[in-house]
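In UniProt numbering, the protein residues as written are 1 to 208.
Glycine residues also receive a C-beta, built at the ideal position from the N, C-alpha and C atoms.
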């Protein structure tokens, strides 16, 4: 346990808590008060940390993701469980606005061969965003949604490419969580840099 703590950088008390909550498999018992832990335990601790600290998920939700992994669920299904856990939000807007937003998203999904139903975990946040854009009167952003969708396809390709070298399902899920949460922040920062550069190109002398 002490070696696992030193190797993972996690306190012994934290590791024992994960064991009690079923987030970490017990080690191989070598004596009444000793157990042997291997690389698989170290990797599972890294995954748990990613889900809890980076993903901000609850212990119960993390347990559900790990259960899907340990049950031998297909990779795509496990990633779906993880994505559903990461995505939150409520579908703001009146009934007419929500219906409009859902119809727009369905048409967009059909055009891009995306799987979309109103129960999709991303739906509430997307619907809320679209309703807000509509209510605030920013049609230019709504008119550009096809361009954003095309960029999203390309970003998804890059995202999945980063998972290709992962040696295990634990590592794939860990990379997906880190890539989704920190990748969003990374892309937002790069977007700001690109916006600044494009603004300088378009308005070198400011508006007149």
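Between residue 23 and residue 54, which are expected to be in contact by the criterion C-beta below 8 Å, what is the C-beta distance as a whole number of angstroms? Not quite, the Cβ-Cβ distance comes to about 15 Å (not below 8 Å), so this is no contact.
Residue from 102, 1, 140 whose Cα sits closest to the Cα of residue 16: 1
Count the other C-beta atoms from every protein chain shown that fall within 10 angstroms of the C-beta of residue 158, then say buried if there are 16 or more, exposed otherwise. exposed
Is the Cβ-Cβ distance between residue 104 and residue 116 less than 8 Å? no
Quick one: Cα of residue 42 to Cα of residue 179, how far? Straight-line spacing of the CA atoms in residue 42 and residue 179 works out to 20 Å.
Limits of the beta strand (DSSP E) - the one that residue 31 falls within: 28–31
So, with DSSP's three-state summary, where would you put residue 166? coil
Residue 123: first and last residue of the uninterrupted alpha helix (DSSP H) it sits in: 123–136
On a CA-only basis, which of 114, 160, 96, 110 is nearest residue 132? Give me that one, please. 96
Pick out whichever of 25, 38, 112 has its Cα sitting closest to the Cα of residue 69. 25
Reducing DSSP to helix, strand and coil, say where residue 35 ends up. strand
Quick one: which unbroken beta strand (DSSP E) runs of 3-plus residues sit fully inside the segment 38–106? Chain order, please. Correct list: empty.
Can you tell me which of the three DSSP states residue 179 falls into? helix
Thinking C-alpha only, which one of 205, 56, 99, 137 is nearest residue 83? 56
Across the segment 4–15 and the segment 35–51, are there enough close Cβ pairs to call them in contact, namely three or more that are closer than 8 Å? yes
Does residue 151 pass the burial test, meaning 16 or more other C-beta atoms within 10 Å, or should it be called exposed? When all chains shown are included, residue 151 counts as exposed.
Look at the alpha carbon of residue 40 and the alpha carbon of residue 86, and state the distance between them as a whole number of angstroms. 24 Å
How should residue 199 be labelled, buried or exposed, when 16 other C-beta atoms within 10 angstroms of its C-beta is the threshold for buried? With fewer than 16 other Cβ atoms inside 10 Å of its own Cβ, residue 199 counts as exposed.
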